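> Residue 4 in the numbering used here sits at position 3 of the sequence shown; the count goes up by one each step and never skips. Note that CB positions come from ideal geometry on N, CA and C, so glycine has one too. Just so you know, these numbers come straight off a predicted model, no measurement behind them. Sharing a structure with you now.
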Amino acid sequence: MAVRPLTQGDYDALRDIRLEALARHPTAFAADPELESAMDRDAWLARLASAVTLGGFVDDALMGIVVFSRPTSRKLAHTGDLGAMYVRGAARGSGLADALVTAAIETAAGSVEQIKLTVNAANTRAIRFYARHGFREIGRIPRSLNIAGIYYDEVLMLRTITPRD
Numbered sequence: 002m003a004v005r006p007l008t009q010g011d012y013d014a015l016r017d018i019r020l021e022a023l024a025r026h027p028t029a030f031a032a033d034p035e036l037e038s039a040m041d042r043d044a045w046l047a048r049l050a051s052a053v054t055l056g057g058f059v060d061d062a063l064m065g066i067v068v069f070s071r072p073t074s075r076k077l078a079h080t081g082d083l084g085a086m087y088v089r090g091a092a093r094g095s096g097l098a099d100a101l102v103t104a105a106i107e108t109a110a111g112s113v114e115q116i117k118l119t120v121n122a123a124n125t126r127a128i129r130f131y132a133r134h135g136f137r138e139i140g141r142i143p144r145s146l147n148i149a150g151i152y153y154d155e156v157l158m159l160r161t162i163t164p165r166d
C-alpha cells in the first residue's frame, strides 16, 4: 500500500475512481455525477492542479482518493478543506482510508491551522472514522443536500492542526 499525490499521468485512474464514487454513493458527495462525467480532460487537470489530490494504491492500482484544498483568500489562508474521500470496496478495512487521511493531515501540517470537512449526517460510520482522526463536530447544516427530492443534513467537522501534527 502506498499513498502519493496524483499527477497528470494519473488522469484516467482519477477520473474512473471519482466517477465510480459519485455513482455508487450519491448521498456522500455534493458533486453531480452527470456534470463531472461531462468534464473534459483539461477541466480535470485544472482541478488536479488547484489542490492536493492524494491517491492510495494497492499493487499499483488506485484504490482510494482524498483531496486537501486551501482557499485563495488571505483571510482564510490558515484553513484547509478535506473532501472527495473515497476508498473502493476491495480496499475497505485494509487501513488505506486511515493512510489517506493521515497523509492529508501531514500535508496540511505546517501550512494551515485547521482543516474542515462535511459529511452526510446519516453516514455515522464516516463520522466515527473522522472523529478517530481528531475531527470534531462543530455544527450541522440542515437540508444541505437535495438528491432526487430527498434532503440530507450534513455534519460540519473540524480538526485543529498543531505544530506536532
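In terms of residue numbering, what span does the beta strand (DSSP E) encompassing ALA85 cover?
For the purposes of this step, residue 85 is taken as residue 84 along the sequence shown, with counting starting at 1. From DSSP, the beta strand (DSSP E) with ALA85 extends over 80–88.
> Out of LEU36, PRO27, LEU23, ALA22, which one is the CA nearest neighbour of ALA149?
Within the sequence shown, the letter at position 148 stands for residue 149. The candidate whose alpha carbon is nearest that of ALA149 is PRO27.
> Could you tell me if ASN121 is buried or exposed, where buried requires 16 or more neighbouring beta carbons within 10 angstroms of its beta carbon?
Counting from 1 along the sequence shown, the entry for residue 121 is found at position 120. That one is buried.
> Find out if the Cβ-Cβ distance for the pair LEU118, VAL67 is shorter than 7 Å.
Position 117 of the sequence shown, counted from the start, is the residue given in the question as residue 118. Position 66 of the sequence shown, counted from the start, is the residue given in the question as residue 67. No; because the gap between Cβ atoms is not below 7 Å, this pair is not in contact.
> Within 10 Å of its beta-carbon, does THR8 have 16 or more other beta-carbons around it, so buried, or fewer, so exposed?
On the sequence shown, position 7 is the one that residue 8 refers to. Its Cβ having fewer than 16 others within 10 Å, THR8 is exposed.
> DSSP three-state label for LYS76, please.
Taking the first residue of the sequence shown as 1, we reach residue 76 at position 75. Note: LYS76 maps to helix in three-state DSSP.
> Going by DSSP, what residue range makes up the alpha helix (DSSP H) through LEU146?
For this step, residue 146 is matched to residue 145 along the sequence shown. Element bounds for LEU146: not the alpha helix (DSSP H) but the beta strand (DSSP E), 137–148.
> According to DSSP, is GLY119 part of a helix, a strand, or is it coil?
As a position in the sequence shown, residue 119 is number 118, starting the count at 1. The sequence given here has Thr at residue 119, not Gly. DSSP places THR119 in strand when its eight states are reduced to three.
> Could you spell out the range, first to last residue, of the alpha helix (DSSP H) harbouring THR108?
Mapped onto the sequence shown, residue 108 falls at position 107. THR108 -> alpha helix (DSSP H) spans 97–109.
> Take ARG144 and list the residues in its own chain whose beta-carbon comes closer than 7 Å to its own, dropping the five residues that flank it on each side.
Along the sequence shown, one-based indexing puts residue 144 at 143. Hits under 7 Å: TYR152, ASP154.
> In whole angstroms, what is the alpha-carbon distance linking ASP166 and ALA14?
On the sequence shown, residue 166 is found 165 positions in, with the first residue counted as 1. On the sequence shown, residue 14 is found 13 positions in, with the first residue counted as 1. Caution is warranted here: a pLDDT of 49 is assigned to ASP166, below 50, making its placement in the model unreliable, and the coordinate value is therefore given only provisionally. When rounded, the distance between both Cα atoms is 30 Å.
> How about LEU159 and ILE139: are their beta carbons less than 7 Å apart?
Within the sequence shown, the letter at position 158 stands for residue 159. Within the sequence shown, the letter at position 138 stands for residue 139. It is a contact, given that the beta carbons lie within the stated cut-off.
> Alpha carbon to alpha carbon, how far is ALA92 from SER70?
The residue labelled residue 92 in the question sits at position 91 within the sequence shown. The residue labelled residue 70 in the question sits at position 69 within the sequence shown. Whole-angstrom Cα-Cα distance: 24 Å.
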